[in-house]
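Here's the structure, in structure tokens; my notes come after.
Protein chains: 2
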Amino acid sequence: MQPKLKEIAKELGVSTATVSNVLSGKGRVSEETRKLVSEKIREVGYRPGGPGRALRTGRSGVLGLVLPDISNPLFPALAQAIETAAERSGQGILIADSHADPGAQAEAVQRMIQRGADGIIIVPCRGTQVSDLPLPAVVIDSASTPGNCVCSDHQQGGKQALEHLQALGHRTFVLLGQSRRSSVQSDRIAGMQSALAAGSQAETCWLEDGIPDFADLARRGVTAIIATSDLHALTALTRLQGAGFSVPGDVSVIGFDDLSFSARITPGLTTLAQNMPEIAAAAIAHLSLQLENASLPAARLVPMELVVRSSTGPAPDFPSPKKPSPQQGDVTT
Amino acid sequence: MQPKLKEIAKELGVSTATVSNVLSGKGRVSEETRKLVSEKIREVGYRPGGPGRALRTGRSGVLGLVLPDISNPLFPALAQAIETAAERSGQGILIADSHADPGAQAEAVQRMIQRGADGIIIVPCRGTQVSDLPLPAVVIDSASTPGNCVCSDHQQGGKQALEHLQALGHRTFVLLGQSRRSSVQSDRIAGMQSALAAGSQAETCWLEDGIPDFADLARRGVTAIIATSDLHALTALTRLQGAGFSVPGDVSVIGFDDLSFSARITPGLTTLAQNMPEIAAAAIAHLSLQLENASLPAARLVPMELVVRSSTGPAPDFPSPKKPSPQQGDVTT
DNA sequence: GGAAGATGAAAAATCGTTTAATCACCGTAA
DNA sequence: TTACGGTGATTAAACGATTTTTCATCTTCC
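Now the structure itself:
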């Protein structure tokens, strides 16, 4: 059994109020008793218990994290960053999976409230408007989502991806997405299209319509594939390699999110990474402001970072740059 | 503001005890008032608040999940399964990352206790002995870890992997691990070695010693690579393909854990999947037993499941089976 | 010397819920 | 009529902390 405040007080012959005052630094305590008490506290390793404190103060020090799909490979990085940022400010993270279902999402939020979460960080499932929640909330989704508070600048990311390839001489692109209904993917693709120079052309393929024949695309003059996720980039890359094409010799491939495998494949996958620590820190900060009901900042757009590895290179017949080809592991911002 | 028990009681002109009794079904309440109260409860959407209940009952309905590294790509599946299983039994999940550091791990456990967790599920970091925790705990690691409660049968998984390839005519293997100090990987490799038939031979390579030259290995007669993780299998596979080898034509590759990308690459990666729902359910069940201080079952070994995709096939010059080659998406247990 | 102020610490209220103890009432049996 | 058992509901205590209020003591100043 953990030591309780009352026990400490009794052993020392002081009141619980005094011990609590020492703990919080508030109230009036003589230097003498302060030393005495803090010594005892350290000795028995006392920590104030959550429920009692939560009941009295109305603050549990726990935040909810509601995700549409925990098994999404992007999640580990996000969850880790948020857990780290939260712990840094002394808060815990309660997770919930809405299984991409608006009803389950609402239910998850209710459970968070019931469990005493001080606020929630929510990556809303598609088509849900997160509003009028009965507790402070931060929405992480995409810039085009109403109510969004923090997210990567997906559009700028898409722009960077296309510009990177254009600088390498590529002019004919395939933009590869999974679902039209994903606002993140739409933003990324919009960014790519916005960066198209005169004389460049891009065709958009959606995996929800079926997997395109990459080998055929390559034969028809496409020299670069920009996928909205490393997962799709990997699909393209392995299919191209399987069909005998060289990456990046014949076709360059670039992805998004810098997933766990991206650095470990051959060729290393060039990708646009999300700055998860930054996003997490911003989310926690935003939530903290709400908890102190301070004035809220505008939605925060965190830039994406181009990570150049070996899956992108000069377009065929394009004069190669001075530095021959990027080495695996190079990181450019 | 959420409605409180006291408010409901006052509005109905009854005592809080009565409302609480209706909620729990205990105590003595007339059918009449029972209806009245439950109607009101439903009307205002009342749910008992966590902290108050936790304080009184000593149970928070929250479990801690402590992991050595959230960013591990295996984590999403585990976390999702545990969250689902916990929610099914009305419990929430508080996550923490020990960053593979024993000190941080102990600290994380302390925080869980402080936040009122009823018990914890812990995937211990290497070299730590989880024992004498001041609260119910379930350890998920490997069969050879002392104190382990639930885990996949990694050894049997390794055995299955090697047998699968042996049945396809392979005789010369490379067993590919990351770190000798990982008990999970050691168990898997031990299982592989235990299944070697007479005339078969296997060489073990550890990535911590550097990435081996897979192309050279293939040239020297290796026809199958068994990696202890899909991540390493992917490394091998892309390097082989990049060097012009055909998978599985020249070399078969098999991995572990059925990570998110494994089904989406070409060729689809044959792998041994962990039965996460089963593991999660067993962990939660084990914890529930501890909470009712019932007698505890022996450590539970959950079988791994062979998922046959396209990265494994008959050894070169081996008579092909009747069904030509496994199709992507096929699942065999 | 007595009032006012400062100081240190204790007493008590409070948060929301559960639960053991108590109570009022009614019908029934002695 | 009295005692008793059963029923339905209330009262009050308890959980572990924080915080406001109160109280006692000691200075200091007129």
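Protein chains in written order, with the working numbering: chain A, 1 to 333; chain B, 1001 to 1333. Note that the Cβ used here is the ideal one computed from N, Cα and C, for glycine as well.
To the nearest angstrom, how far is the alpha carbon of residue i from that of residue j?
| i | j | result |
| --- | --- | --- |
| A:Gly61 | B:Ile1265 | 42 Å |
| B:Gln1178 | B:Val1066 | 22 Å |
| B:Pro1277 | B:Leu1287 | 15 Å |
| B:Gly1221 | A:Leu165 | 40 Å |
| A:Arg126 | A:His99 | 11 Å |
| A:Ala282 | A:Ala143 | 15 Å |
| A:Ala77 | B:Val1014 | 51 Å |
| B:Ile1226 | B:Leu1176 | 6 Å |
| B:Asp1250 | A:Leu196 | 42 Å |
| B:Gly1050 | A:Leu301 | 35 Å |
| A:Phe245 | B:Gly1242 | 10 Å |
| A:Leu291 | A:Val44 | 32 Å |
| A:Arg239 | B:Leu1162 | 27 Å |
| A:Glu87 | B:Ala1009 | 38 Å |
| A:Ala96 | A:Phe261 | 25 Å |
| B:Pro1073 | A:Glu305 | 21 Å |
| A:Arg59 | A:Ala117 | 8 Å |
| A:Glu203 | A:Ser310 | 23 Å |
| B:Ser1030 | A:Arg111 | 30 Å |
| B:Ser1071 | A:Leu289 | 28 Å |
| A:Phe75 | A:Val184 | 15 Å |
| B:Phe1173 | A:Leu168 | 41 Å |
| A:Val19 | A:Val123 | 41 Å |
| B:Phe1214 | A:Leu231 | 24 Å |
| B:Gly1191 | B:Glu1208 | 21 Å |
| A:Ile189 | A:Phe256 | 11 Å |
| B:Asp1187 | A:His170 | 48 Å |
What does residue i pair with, by DSSP beta-bridge criteria?
| i | result |
| --- | --- |
| A:Ile122 | A:Val66, A:Val139 |
| B:Leu1094 | A:Leu94, B:Gly1064 |
| B:Ser1252 | B:Ala1224 |
| B:Ser1152 | B:Val1302 |
What do you get for residue i, buried or exposed, if any count of 16 or more other CB atoms within 10 angstroms of its CB means buried?
| i | result |
| --- | --- |
| A:Glu11 | exposed |
| A:Glu83 | buried |
| B:Thr1228 | buried |
| B:Lys1006 | exposed |
| B:Asn1293 | exposed |
| A:Gly64 | buried |
| B:Asp1317 | exposed |
| B:Arg1115 | buried |
| B:Lys1159 | buried |
| A:Met1 | exposed |
| A:Pro146 | exposed |
| B:Gly1090 | exposed |
| A:Gln155 | buried |
| A:Leu234 | buried |
| B:Thr1270 | buried |
| A:Asp141 | buried |
| A:Val331 | No answer about A:Val331 holds up, because its pLDDT of 44 lies below 50 and its placement is not dependable. |
| B:Thr1057 | exposed |
| B:Ser1295 | exposed |
| B:Ala1017 | exposed |
| A:Gln129 | exposed |
| B:Ala1258 | Reading off the sequence, residue 1258 of chain B comes out as Asp, not Ala. Per the 10 Å Cβ criterion, buried. |
Can you pull the chain B neighbours of residue i, defined as C-beta to C-beta under 8 Å?
| i | result |
| --- | --- |
| A:Val62 | Leu1094, Arg1115 |
Taking C-beta pairs closer than 7 Å, name the residues in chain B that residue i reaches, listed in chain order.
| i | result |
| --- | --- |
| A:Leu291 | None at all; the shortest Cβ gap to chain B is about 15 Å. |
| A:Leu55 | Pro1051, Gly1052, Leu1055 |
| A:Leu301 | Those do not exist, as A:Leu301 stays about 24 Å from chain B at its closest Cβ, beyond 7 Å. |
Starting from the beta carbon of residue i, find every residue of chain A whose beta carbon is closer than 9 Å, and list them in chain order.
| i | result |
| --- | --- |
| B:Asp1097 | Ala79, Gln80, Glu83, Thr84, Glu87 |
| B:Gln1241 | Thr238, Gln241, Gly242, Thr266 |
| B:Pro1248 | Residues of chain A passing the Cβ test: none, with the nearest at roughly 11 Å. |
Going along chain B, which residues have a C-beta under 9 Å from residue i?
| i | result |
| --- | --- |
| A:Ile254 | Result: empty, since nearest Cβ-Cβ is about 16 Å, beyond 9 Å. |
| A:Leu231 | Ser1260, Phe1261, Arg1264 |
| A:Arg47 | Gln1110, Arg1111, Ile1113, Gln1114 |
Name, please, each residue of chain A whose Cβ falls closer than 7 Å to the Cβ of residue i.
| i | result |
| --- | --- |
| B:Phe1075 | Pro76 |
| B:Arg1111 | Gly92 |
| B:Leu1234 | Phe261, Arg264, Ile265 |
Which chain A residues are close to residue i, counting only those with a beta carbon under 8 Å from its beta carbon?
| i | result |
| --- | --- |
| B:Gln1002 | Ile113, Pro134 |
| B:Ile1070 | Pro76, Ala79, Gln80, Glu83 |
Would you list, in sequence order, the uninterrupted alpha helix (DSSP H) runs of no fewer than 4 residues that lie entirely inside the segment 1256 to 1315 of chain B? Restricted to the segment 1256 to 1315 of chain B, the alpha helix (DSSP H) segments that are unbroken, complete and at least 4 residues in length are 1276 to 1291, listed in chain order.
Ignoring anything shorter than 3 residues or poking outside the segment 173 to 222 of chain A, list the beta strand (DSSP E) runs there in chain order. Runs of the beta strand (DSSP E) spanning 3 or more residues and lying entirely within the segment 173 to 222 of chain A occur at 201 to 206, in chain order.
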